[in-house]
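Each number in our numbering corresponds to the 1-based position in the sequence shown with 47 added.
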Amino acid sequence: MPTRRNRPLLRAGMAGMGMIFDETYRPLFERLHREKLYTPASGPVEVELVATASRTGRRARRYLEQAKGKIYPFEIYAGPNALRQLAESDVDFICVATPDPRHYAAAKLAIEHGKHVLIEKPSVLRLQELDELVELARERSVLARVVYHKLFDPDHKKLRTLVADGVLKHVNNGYCSLLEPKRIAFEQFAEWIAGRNPGTYVAVHYIKLIDFTFGGRLTRVTATGQRGLVGSPEENTWDSVQLRLEYRYDDGREAAFDIHTSWVTPDNFPGYVEQEVQFRFDNGVWNAHQRRRGVEVTVEGLTPHELKINLNNHYNGAFLEPWNERSVRGYGLEAIERFIQEVAYVELGGAEDQRERRLEEVRALDYADLAADRQVVAAVQAMEAILEEHARGHPGSLVHVNCPDGGLVLHRPGSADPKVLYAGEV
Ligand SMILES: NC(=O)c1ccc[n+]([C@@H]2O[C@H](COP(=O)([O-])OP(=O)(O)OC[C@H]3O[C@@H](n4cnc5c(N)ncnc54)[C@H](O)[C@@H]3O)[C@@H](O)[C@H]2O)c1
Numbered sequence: 048m049p050t051r052r053n054r055p056l057l058r059a060g061m062a063g064m065g066m067i068f069d070e071t072y073r074p075l076f077e078r079l080h081r082e083k084l085y086t087p088a089s090g091p092v093e094v095e096l097v098a099t100a101s102r103t104g105r106r107a108r109r110y111l112e113q114a115k116g117k118i119y120p121f122e123i124y125a126g127p128n129a130l131r132q133l134a135e136s137d138v139d140f141i142c143v144a145t146p147d148p149r150h151y152a153a154a155k156l157a158i159e160h161g162k163h164v165l166i167e168k169p170s171v172l173r174l175q176e177l178d179e180l181v182e183l184a185r186e187r188s189v190l191a192r193v194v195y196h197k198l199f200d201p202d203h204k205k206l207r208t209l210v211a212d213g214v215l216k217h218v219n220n221g222y223c224s225l226l227e228p229k230r231i232a233f234e235q236f237a238e239w240i241a242g243r244n245p246g247t248y249v250a251v252h253y254i255k256l257i258d259f260t261f262g263g264r265l266t267r268v269t270a271t272g273q274r275g276l277v278g279s280p281e282e283n284t285w286d287s288v289q290l291r292l293e294y295r296y297d298d299g300r301e302a303a304f305d306i307h308t309s310w311v312t313p314d315n316f317p318g319y320v321e322q323e324v325q326f327r328f329d330n331g332v333w334n335a336h337q338r339r340r341g342v343e344v345t346v347e348g349l350t351p352h353e354l355k356i357n358l359n360n361h362y363n364g365a366f367l368e369p370w371n372e373r374s375v376r377g378y379g380l381e382a383i384e385r386f387i388q389e390v391a392y393v394e395l396g397g398a399e400d401q402r403e404r405r406l407e408e409v410r411a412l413d414y415a416d417l418a419a420d421r422q423v424v425a426a427v428q429a430m431e432a433i434l435e436e437h438a439r440g441h442p443g444s445l446v447h448v449n450c451p452d453g454g455l456v457l458h459r460p461g462s463a464d465p466k467v468l469y470a471g472e473v
């Protein structure tokens with residue numbers, strides 16, 4: 048049992064110190080440093096961020112300098128060996144928030160060194176990678192979990208509750224859109240944007256919501272998109288993507304979902320992002336709009352750049368509490384805290400000879416388990432293969448899921464040869 052001076056302690060490692068660290072991990076680690084974590088089985092647990100790994104270490108050093116007293120003085124690893132050094136260090140779990148195509152390598156190193164991992168969405172980009180990490184996590188007896196904070200949004204919890212209770216009956220179709228500002232593509236992700244697309248980056252939020260809330264088997268994937276702003280119109284870097292997923296349910300009925308994403312929305316847009324969904328059921332319609340559920344504020348000289356006109360006070364809002372304490376709270380932090388509670392339950396929640404049972408109990412909570420992310424990863428792998436074919440001059444491919452030729456099979460218009468992306472069952 049990890050302890051410090053005989054007090055229960057969990058030591059955290061952070062791979063990637065970018066935007067998402069700043070928005071959710073940083074305020075959570077600062078709160079846990081002040082207040083500890085609690086689970087009924089473990090009681091109070093100290094949680095400290097003790098080590099970080101990033102490309103240059105610049106932002107980590109700046110944060111450590113500014114955060115004096117708010118956080119434990121953590122170790123900073125930087126450069127090409129940083130992820131390995133972090134994995135070899137004395138941490139109990141590692142949160143992976145490196146760029147989308149660099150999750151797999153970071154998570155693999157962490158799991159190989161016996162650390163629990165929490166991976167930012169999208170977990171990994173290929174089912175082959177998912178299989179390897181799931182098997183490794185079983186071998187090393189650790190948790191491999193994924194952050195999907197949209198499942199923690201109270202509106203989405205309500206949607207799932209109405210579906211689970213049979214109030215909303217059988218989803219038939221729906222659309223979702225998530226539009227990110229230009230500064231994400233042109234500034235924030237400039238280092239790793241080449242060859243990427245906004246679908247993988249943000250459609251996964253809604254793919255998971257659909258997959259987890261409605262269940263069913265993914266059967267077909269199609270996608271298209273537009274290029275020319277972030278990269279050349281000839282290459283495989285995408286401004287916006289339109290993805291269609293088709294599902295089949297146990298009763299033989301089907302549903303289709305369109306998910307539109309972009310990272311070229313003007314920076315002076317009134318909200319930080321645009322997020323909207325509509326789901327149509329046999330007996331109802333669910334409409335949700337993230338900006339329109341909220342507040343509208345105008346301040347001369349501040350809105351809409353420094354302060355947005357439509358604030359999202361549910362994700363990671365900064366508040367002055369009625370008891371005059373400053374806080375940052377919301378479902379973005381809740382999703383990470385829940386993972387740390389799960390680690391605390393496994394490591395500190397009872398007798399050592401019951402650890403394996405506790406591990407299995409947490410794994411069975413499939414909302415975040417990497418093993419249960421199969422259909423989401425399949426959708427991402429299919430979409431990326433379709434976009435790659437499109438960029439090679441062959442638009443309009445279709446991916447069939449679990450058909451006689453394999454688990455994930457790409458059909459190109461005009462070609463008699465299907466391409467097997469993943470041979471096993473999805
Ligand atoms: N849950 C969410 O809503 C949410 C929101 C934003 C981003 N994300 C995800 O989090 C991940 C990071 O996004 P971000 O916005 O923080 O990106 P970012 O570009 O701001 O930061 C990336 C960080 O990873 C580090 N890094 C890059 N390559 C590395 C390597 N090889 N070894 C070690 N460190 C490396 C960089 O130094 C940087 O600190 C992405 O996968 C993204 O999809 C999730």
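Glycine included, each C-beta is placed from N, C-alpha and C at the ideal position.
Checking the DSSP bridge columns, you'll see Asn357 partnered with Gly318. If you look at Val189, you'll find it isn't in any alpha helix (DSSP H); DSSP assigns it neither H nor E.
Cβ neighbours of Glu70 within its own chain (closer than 7 angstroms, five residues either side excluded): Asn363 and Gly379. Counting the other CB atoms within 10 Å of its CB gives Asp329 a total below 16, which places it among the exposed residues. Going by DSSP, Asp305 is part of the beta strand (DSSP E) stretching over Glu301 to Thr312. Secondary-structure assignment with DSSP links Glu122 through a beta bridge to Ala98. Note on geometry: alpha-carbon atoms of Asp258 and Leu457 lie some 21 angstroms from one another. Burial state of Ser101 is buried, judged by a 10 Å Cβ sphere holding 16 or more other Cβ atoms. Glu323 has Ser224 and His336 as its beta-bridge partners, per DSSP. If you draw a straight line from the Cα of Asp139 to the Cα of Gln113, it is about 25 angstroms long. Under the criterion of beta carbons closer than 8 angstroms, Gln132 and Tyr124 qualify as touching, at roughly 4 angstroms. Residue state for Phe366 is assigned as strand, using DSSP reduced to three classes. Residue pairing by DSSP places Tyr294 opposite Leu265 and Ala302 in a beta bridge. Between Ala335 and Asn220, the CB-CB gap reaches or exceeds 8 angstroms. Shown here, Leu457 sits in a strand according to DSSP, grouped into three states.
Inclusion of His361 and Asp200 in the CB contact set at 8 angstroms is warranted, their separation being smaller than that value. Going by DSSP, Met430 is part of the alpha helix (DSSP H) stretching over Arg421 to Ala438. Just so you know, the alpha carbons of Lys168 and Val194 end up roughly 6 angstroms apart. With at least 16 other beta carbons inside 10 angstroms of its own, Thr312 counts as buried. When secondary structure is reduced to three states using DSSP, Leu276 falls in the coil class, being assigned neither helix nor strand. At the C-beta level, Thr269 and Ile433 come within 8 angstroms of one another. Beta-bridge analysis with DSSP links His163 to Phe140.
Under the Cβ criterion (8 angstroms, minimum of three pairs), the region 442 to 460 does not count as touching the region 231 to 239. With fewer than 16 other CB atoms across the displayed protein chains lying within 10 angstroms of its CB, Ser462 is exposed.
Between Ala134 and the set Ser89, Gly60 and Val393, the nearest pair of CA atoms involves Gly60.
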